[in-house]
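Q: In the working numbering, the protein residues as written are 297 to 588.
Just so it is clear, CB atoms sit at the ideal spot from N, CA and C, and this is done for glycine as well.
Here it is: the structure, laid out below.
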Ligand SMILES: [Zn+2]
């Protein structure tokens, strides 16, 4: 009977061990189940009890909130200037040197900008790929004590030079009355000139000829055109473009926005390899600088 008793005790022990193993195993399986189901359904009560909420997502959104909060009133102001339409007025007194740098930007032609240009300055027969053009945003003094946002489309080969020149002009408070894309005038150069709007890219021929203008390549820029008109001969007659610039055709007179060889824009553009239309012999294009 002693051996019988031993066998019974042994079985009891084995049963106890087996029971213990089964309990432990089930506990793990259940734990895993709760964890997995919790990942998929965040509102699961078991998940919420067993595993803490996804802390990564929470801390990231907290970080973003912190970033948003970190933007100061001033940074928000600069951001609004970066997004504002050209010709908007800017509070120049609030701008540091760093801010000014941030407001002189060169970018590729975005879809939004191209929408403005297509069928206007960028005509259907345009041979220059838009990848060769750049959109520049800048600041300029309008000559009436306002700092305004300006915009230009130029050839990418001169984009950096143009940025440098206009940053310099701005620092010298050189007056440029208006600088928006010629597309705002349906790419009508006469309308843009009459409004004294300074511009560059426009796929067009030279007025009164079949020759493609340097503006077609974004390699020419017209500054304050109303006060610096284009004087040429058409059918034996002297023509002034724009018409409302006729009183400024006499270059012996002195007036605001006038470009001559003493003018700071002349000094800068010629320094960077541009020629001035006022130095031409056949015609006089006082508003015009072009890169060769
Ligand atoms: Zn021109």
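1. Applying the 10 Å Cβ sphere with the 16-neighbour rule, what's the burial state of residue 498?
2. Should residue 372 be labelled buried (16 or more other beta-carbon atoms within 10 Å of its own) or exposed?
3. How is residue 412 classed by DSSP in three states: helix, strand or coil?
4. Just checking residue 487 against ligand 1 - is the residue's beta carbon closer than 7 angstroms to any of the ligand's heavy atoms?
5. Tell me the rounded alpha-carbon separation between residue 409 and residue 422.
6. Determine the DSSP secondary structure at residue 403, reduced to helix, strand or coil.
7. So the beta strand (DSSP E) residue 444 belongs to, where does it begin and stop?
8. Measuring only the C-alpha atoms, how far is residue 470 from residue 570?
9. Quick one: give me the first and last residue of the alpha helix (DSSP H) that residue 374 is part of.
10. Closer than 5 angstroms between the C-beta and any heavy atom of ligand 1: which residues qualify, listed along the chain?
11. How about the region 509–519 and the region 533–552: do they share at least three Cβ pairs that are nearer than 8 angstroms?
12. Quick check on the burial criterion: 16 or more other C-beta atoms within 10 angstroms. Buried or exposed for residue 425?
13. Between the alpha carbons of residue 451 and residue 417, how many angstroms are there, rounded?
14. Measuring alpha carbon to alpha carbon, tell me which of 509, 496 and 505 ends up nearest residue 446.
15. Kindly indicate which three-state DSSP category residue 633 falls into: helix, strand or coil?
16. From this set, 503, 303, 554 and 456, which residue's C-alpha is nearest residue 521's C-alpha?
17. Can you tell me where the beta strand (DSSP E) with residue 473 in it begins and where it stops?
18. Can you give the beta carbon distance from residue 552 to residue 523, rounded, assuming they're within the 8 angstroms contact cut?
19. Does DSSP put residue 505 in a helix, in a strand, or in coil?
20. With 16 other CB atoms within 10 Å as the buried threshold, where does residue 333 fall?
21. Using a Cβ-Cβ distance under 8 angstroms, would residue 474 count as near chain D?
22. Please confirm whether residue 494 and residue 472 have their CB atoms less than 8 angstroms apart.
23. Hey, is the region 555–568 in contact with the region 461–469, meaning 3+ C-beta pairs nearer than 8 angstroms?
24. Thinking residue 492 and residue 474 are a contact (beta carbons under 8 angstroms), I'd like their distance in whole angstroms, please.
25. Run the CB neighbour count on residue 556, radius 10 Å, all protein chains shown included, and call it buried at 16 or more, exposed below.
26. Secondary structure at residue 495, three-state DSSP: helix, strand or coil?
A: Let me lay it out:
1. In summary, residue 498 is buried, with 16 or more beta-carbon neighbours lying within 10 Å of its beta-carbon over all protein chains present.
2. Residue 372 is exposed by the Cβ-count criterion.
3. Secondary structure at residue 412: helix, using DSSP grouped into helix, strand and coil.
4. No, since every heavy atom of ligand 1 falls outside the 7 angstroms radius drawn around the Cβ of residue 487.
5. When only Cα atoms are considered, residue 409 and residue 422 end up about 16 angstroms apart.
6. Residue 403: strand per DSSP, three-state reduction.
7. That run of the beta strand (DSSP E) goes 443–451.
8. Residue 470 and residue 570 have their C-alpha atoms roughly 18 angstroms apart.
9. Judged by DSSP secondary structure, residue 374 falls within the alpha helix (DSSP H) whose first and last residues are 369–379.
10. Screening all residues for a C-beta within a distance smaller than 5 angstroms of any heavy atom in ligand 1 leaves 516, 518 and 584, in chain order.
11. Touching, no.
12. Answer is exposed; the Cβ neighbour count stays below 16.
13. Approximately 13 angstroms, taken between the alpha carbons.
14. Answer by Cα proximity: 496.
15. There is no way to answer for residue 633, as the model of the chain reaches only from 297 to 588.
16. Put simply, of 503, 303, 554 and 456 the residue whose alpha carbon is nearest the alpha carbon of residue 521 is 554.
17. Careful: residue 473 lies outside any beta strand (DSSP E) and carries neither H nor E.
18. Taking a contact as a CB-CB distance under 8 angstroms, the pair residue 552 and residue 523 counts as one, their CB atoms being some 7 angstroms apart.
19. Residue state, collapsed to three classes: coil.
20. Interpretation of residue 333 is limited by its pLDDT of 39, a score under 50 that renders its predicted location unreliable; the figure taken from the coordinates is listed afterwards. By the 10 Å Cβ count, residue 333 comes out exposed.
21. Of the protein chains in this structure there is only one, and it is not chain D.
22. Yes, they are a contact pair.
23. Verdict: yes, contact present.
24. The Cβ separation is near 6 angstroms, so the contact holds.
25. By the 10 Å Cβ count, residue 556 comes out exposed.
26. Three-state DSSP puts residue 495 in a strand.
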